[in-house]
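Student:
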Ligand SMILES: Cc1cc2nc3c(=O)[nH]c(=O)nc-3n(C[C@H](O)[C@H](O)[C@H](O)COP(=O)(O)OP(=O)(O)OC[C@H]3O[C@@H](n4cnc5c(N)ncnc54)[C@H](O)[C@@H]3O)c2cc1C
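Numbering (my numbering), first residue to last: 1 to 126.
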């Protein structure tokens, strides 16, 4: 899969540099993306392909997040002017941790504080 983003370009370049210097390193980063569109800061963590339900968090105008789940697993988030949601989901994905759907539905619940321990099972491919 091709990720056309600044972060991916940086991470892939690191892996290429490691390979050139004889260090074996696989790219294992969490895909993420940002873009500023006027007053909107768009941040995306993870890959939403294969989701089977979504949750929209919105508690004030001009800010919202869409969380994507496959089964009980959060797999991605699209965040508009909600950097805390973005950081929480990105961190949870990196740790293979869960953010329970029902708890996340409360827009005033901080995702970071409701993130629960890393899952033991491997995530299935989309
Ligand atoms: C309009 C647009 C908007 C984007 N917005 C975002 C965004 O909001 N967020 C985000 O994460 N990503 C965004 N991207 C994607 C992001 O810019 C690219 O994924 C990223 O820049 C790729 O980095 P790179 O280093 O691989 O290539 P590049 O950034 O394209 O760098 C390649 C460099 O190599 C140079 N070069 C090419 N050929 C040669 C040569 N023969 N000799 C010497 N130098 C050469 C080029 O001049 C260039 O400077 C956007 C892309 C576009 C086109």
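In this text, a Cβ means the ideal position worked out from N, Cα and C, and glycines have one as well.
1) Would you check if there are 3 or more beta carbon pairs closer than 8 Å linking the stretch 65 to 76 to the stretch 3 to 19?
2) By DSSP's criteria, residue 33 is part of a beta bridge. Which residues make up the other side?
3) Anyone know if the C-beta pair for residue 77 and residue 65 falls short of 8 Å?
4) Which stretch, first to last residue, makes up the beta strand (DSSP E) that contains residue 65?
5) Strictly by DSSP, which residues pair up with residue 60?
6) Rounded to whole angstroms, what is the Cα-Cα separation between residue 4 and residue 47?
7) Determine the contact status of residue 115 and residue 88, defining contact as a CB-CB distance below 8 Å.
8) Would you grab the beta carbon distance between residue 63 and residue 39 for me? Rounded to a whole angstrom, and I think it's under 8 Å.
9) Leaving aside the five residues before and after residue 26 along the sequence, list all residues of the same chain whose C-beta is less than 8 Å from its C-beta, in chain order.
10) Residue range of the beta strand (DSSP E) that residue 10 falls in?
Tutor: According to the data block:
1) no
2) Residue numbering aside, residue 33 sits at position 33 when the chain shown is read from its first letter. Answer by DSSP bridge pairing, in chain order: 44.
3) Reading the chain shown from its first residue, position 77 is the one you call residue 77. Reading the chain shown from its first residue, position 65 is the one you call residue 65. For residue 77 and residue 65, yes; Cβs fall inside 8 Å.
4) Here the question's residue 65 lines up with position 65 in the chain shown. First-last of the beta strand (DSSP E) with residue 65: 63 to 70.
5) In the chain shown, counting from the first residue as 1, residue 60 sits at position 60. DSSP lists 63 as the bridge partner or partners of residue 60.
6) The residue given as residue 4 occupies position 4 in the chain shown. The residue given as residue 47 occupies position 47 in the chain shown. Approximately 13 Å, taken between the alpha carbons.
7) Locating residue 115 in the chain shown gives position 115, where the first residue counts as 1. Locating residue 88 in the chain shown gives position 88, where the first residue counts as 1. Taking C-beta atoms as the reference points, residue 115 and residue 88 count as a pair closer than 8 Å.
8) The residue given as residue 63 occupies position 63 in the chain shown. The residue given as residue 39 occupies position 39 in the chain shown. Taking the Cβ atoms as the reference, residue 63 lies roughly 11 Å from residue 39, outside the contact range of under 8 Å.
9) Working through the chain shown from its first residue, we reach residue 26 at position 26. Hits under 8 Å: 15.
10) In the chain shown, residue 10 corresponds to position 10, counting from 1. Per DSSP, residue 10 belongs to no beta strand (DSSP E); it is in the alpha helix (DSSP H), 6 to 20.
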